[in-house]
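If you read the sequence shown in the numbering used here, its first letter stands for residue 73, the second for the next number, and so on. Virtual Cβ for every residue (Gly too), placed ideally from N, Cα, C. Input: a single structure, listed below in structure tokens.
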Amino acid sequence: MRLPSCWSCQYRFKWKELLFKFRKIECPSCREHQHVTRRKQRQTQVLTLFLTMLTIVGIHFIYSYSAIGALLYGVAILLITLVFSPFLSEFTEKEEQLFK
Ligand SMILES: [Zn+2]
Numbered sequence: 073m074r075l076p077s078c079w080s081c082q083y084r085f086k087w088k089e090l091l092f093k094f095r096k097i098e099c100p101s102c103r104e105h106q107h108v109t110r111r112k113q114r115q116t117q118v119l120t121l122f123l124t125m126l127t128i129v130g131i132h133f134i135y136s137y138s139a140i141g142a143l144l145y146g147v148a149i150l151l152i153t154l155v156f157s158p159f160l161s162e163f164t165e166k167e168e169q170l171f172k
């Protein structure tokens, strides 16, 4: 897995620079705005759907044994998603609408 780079100057983003940043990302090197490619937006949508289902099914299943366990499971999935989300980005010059 590789972190994305700037479409303009090829600056390689650092993990913490992309954490919690889903919109309006600016390159720290050349100050150009970064837009997530449509391809990556689609992949993120599919992944989000899959993770949501996994979370709901998992929590429902674990909850019958332990409410705390179900809570921890939910938090764990959320954390894993956050940690890996910067790797799922790919930037382009123009803003690409998901539906067009
Ligand atoms: Zn740049």
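Take residue i and list the residues in its own chain whose beta-carbon comes closer than 8 Å to its own, dropping the five residues that flank it on each side.
i	result
leucine 126	Ile149
leucine 90	Leu75, Pro76, Ile97, Ser157, Pro158 and Ser161
tyrosine 83	Ser77, Cys99, Pro100, Ser101 and Cys102
Considering only the beta carbon of each residue, do residue i and residue j sit closer than 9 Å?
i	j	result
lysine 112	leucine 160	yes
glutamate 104	serine 136	no
phenylalanine 92	leucine 151	no
Under 6 Å Cβ to Cβ from residue i, same chain only, skipping five residues before and after it: list those, please.
i	result
glutamate 162	Pro76, Thr109 and Lys112
glycine 130	Tyr145
Buried or exposed: residue i, going by 16 or more other Cβ atoms within 10 Å of its Cβ?
i	result
glutamine 106	buried
phenylalanine 171	exposed
phenylalanine 85	buried
Grab me the residues of residue i's own chain with a C-beta within less than 7 Å of its C-beta, minus the 5 sequence neighbours each way, in chain order.
i	result
glycine 141	Ile134
tryptophan 87	Leu75 and Pro158
lysine 166	His107
Is there a Cβ of chain C sitting closer than 9 Å to that of residue i, yes or no?
i	result
tryptophan 87	The structure shown contains no chain C; it holds only a single protein chain.
Next item on the list: Ignoring anything shorter than 3 residues or poking outside the segment 97-157, list the beta strand (DSSP E) runs there in chain order.
Entry: 105-108
Checklist entry - Taking any heavy atom of ligand 1 as the mark, which residues have a C-beta closer than 6 Å to it, listed down the chain? => result Cys78, Ser80, Cys81, Tyr83, Cys99, Ser101, Cys102 and Glu104
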